[in-house]
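Some notes on the structure that comes next.
Number of protein chains: 2
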Amino acid sequence: MVIRVDFNSDEALYIQLCNQIILGIASSNIQEGETLPSVRELADNIGINMHTVNKAYSILKQEGFLKLDRRKGAVISLDLDKVNAKLELYDVLSVALARAMCKNITREEMHRAVDEVCDDILYGNTLQE
Amino acid sequence: MVIRVDFNSDEALYIQLCNQIILGIASSNIQEGETLPSVRELADNIGINMHTVNKAYSILKQEGFLKLDRRKGAVISLDLDKVNAKLELYDVLSVALARAMCKNITREEMHRAVDEVCDDILYGNTLQE
DNA sequence: ATACTTGTTATATTCTTAGTATAACAGCAA
DNA sequence: TTGCTGTTATACTAAGAATATAACAAGTAT
Numbered sequence: 001m002v003i004r005v006d007f008n009s010d011e012a013l014y015i016q017l018c019n020q021i022i023l024g025i026a027s028s029n030i031q032e033g034e035t036l037p038s039v040r041e042l043a044d045n046i047g048i049n050m051h052t053v054n055k056a057y058s059i060l061k062q063e064g065f066l067k068l069d070r071r072k073g074a075v076i077s078l079d080l081d082k083v084n085a086k087l088e089l090y091d092v093l094s095v096a097l098a099r100a101m102c103k104n105i106t107r108e109e110m111h112r113a114v115d116e117v118c119d120d121i122l123y124g125n126t127l128q129e
Numbered sequence: 001m002v003i004r005v006d007f008n009s010d011e012a013l014y015i016q017l018c019n020q021i022i023l024g025i026a027s028s029n030i031q032e033g034e035t036l037p038s039v040r041e042l043a044d045n046i047g048i049n050m051h052t053v054n055k056a057y058s059i060l061k062q063e064g065f066l067k068l069d070r071r072k073g074a075v076i077s078l079d080l081d082k083v084n085a086k087l088e089l090y091d092v093l094s095v096a097l098a099r100a101m102c103k104n105i106t107r108e109e110m111h112r113a114v115d116e117v118c119d120d121i122l123y124g125n126t127l128q129e
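If you read the sequences in order, they're chains G and Y.
Quick note on the working numbering: the first sequence kicks off at 1 and runs consecutively.
Quick note on the working numbering: the second sequence kicks off at 1 and runs consecutively.
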């Protein structure tokens, strides 16, 4: 799985790493049971520090996306806590949709956006390869 | 319009201010043409520094939610840049929905979440008063 | 047993951001 | 003039992000 990073972004590197890996899982780019590169290897590939990668992996572990094994490394392992996941989704949506409403984006457009983003993640319509 | 702040949150104070005001606009709690408290007044009310409020107002101005007038203060004034607003919405959704997909949240549940959040903003179902 | 790799922990340093604290300025209203 | 707006400037503290070394424990491979 290819992982890139934008050094000019105002988003923290470890957050970018988390997001990319989550997108990779959602798009089946990497699947349950498969392993990510080791912290040192990924850090070297991207050109960042080991601890930055380790921080991302630790967060993903705590959020139930993978498990860390000292022998195998970082193994994708999904813990399906839907209750908590829904609460987080509602939190994110409340600010995102409030913004959208202020900009006169209709509810139909929001629903279309959900479908398009899902399709994009699953089948890769627009940009991402 | 009532504005509160959570000092224990890991979210920056000025971000919380921005989000609250945007939610206030979306929920018609405050409307186009109406004015927000002055930077000094709001800062005193909440118990934070003037510059933190000023930072929030400046961002909201730059994002097209209000205009700053030296005589009237901060006046709600919506600049409807739908193109940009949609791009931002897609950005936020892509990471939020990828997370949701990993947690086996169905597309139907996502659509229901959109409707519930919108209704909650507009009519105040659950918690917010 | 040795060498190597894994995640993990610890410490220290640099840089950026967030937030505060004063202070002053320009424009406008009572 | 007095008092209120937003605006700008400067300086400081605190916290987080990222890096740099270093070492440790546990497993694998030779």
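Glycine included, every Cβ here is placed at the ideal spot set by N, Cα and C.
Keep in mind that this is a model prediction, so the values were computed, not measured.
- Three or more beta-carbon pairs separated by less than 8 angstroms are not found between the segment 37-44 of chain G and the segment 98-114 of chain Y, which leaves the two stretches without contact.
- Ranked by Cα distance from G/LEU80, the options G/PHE65, G/TYR123, G/TYR90 are led by G/PHE65.
- Taking C-beta separations shorter than 6 angstroms and ignoring five residues to either side along the sequence, the partners of Y/GLN20 in its chain run ILE3, following chain order.
- When the Cα atoms are used, G/LEU93 and G/ILE15 turn out to be separated by approximately 19 angstroms.
- Of all alpha-carbon atoms in G/PHE7, G/ALA100, G/ALA74, the one lying nearest the alpha-carbon of G/GLY47 is that of G/PHE7.
- DSSP, read as helix, strand or coil, puts Y/LYS103 in coil.
- The beta-carbon separation of Y/ILE121 and Y/SER58, rounded to 24 angstroms, does not stay under the 8 angstroms limit for a contact.
- G/THR106 sits exposed, since fewer than 16 C-beta atoms from the chains shown fall within 10 Å of its C-beta.
- Close to chain Y, meaning a Cβ-Cβ distance shorter than 8 angstroms, are the following residues of the segment 101-112 of chain G: MET101, CYS102, LYS103, ASN104, ILE105, ARG107, GLU109, MET110, HIS111.
- Put simply, the CB of Y/TYR123 is far from chain G, with every gap to its CB atoms at 8 angstroms or more.
- Leaving aside the five residues that flank Y/GLY24 on each side, the residues in its chain whose CB is nearer than 6 angstroms to its CB run, in chain order, MET1, ILE30.
- A direct Cα-to-Cα measurement between Y/LEU78 and G/ASN84 gives close to 34 angstroms.
- Relative to the Cα of Y/ASP119, the nearest Cα in the group G/LEU97, G/GLN62, G/ASP119 belongs to G/LEU97.
- The Cβ of G/ALA96 sits closer than 8 angstroms to at least one Cβ of chain Y.
- Taking a Cβ-Cβ threshold of 9 angstroms, the residues of chain G close to Y/ALA85 are ARG99, ALA100, CYS102, LYS103, ASN104, ILE105, in chain order.
- The alpha-carbon of G/LYS103 is positioned some 43 angstroms away from that of G/ASP44.
- Y/CYS18 is positioned such that its CB atom lies closer than 8 angstroms to that of Y/LEU60.
- When 9 angstroms is used as the limit between beta carbons, G/LEU66 is near no residue of chain Y, the shortest such separation being about 10 angstroms.
- In this structure, DSSP gives Y/ILE22 a helical state, which the three-state scheme calls helix.
- In this structure, the CA atom of Y/GLY73 is about 14 angstroms from the CA atom of Y/ALA56.
- For G/ASP81, the three-state secondary structure derived from DSSP is coil.
- If you look at Y/ILE46, you'll find it isn't in any beta strand (DSSP E); it sits in the alpha helix (DSSP H) that goes 39-46.
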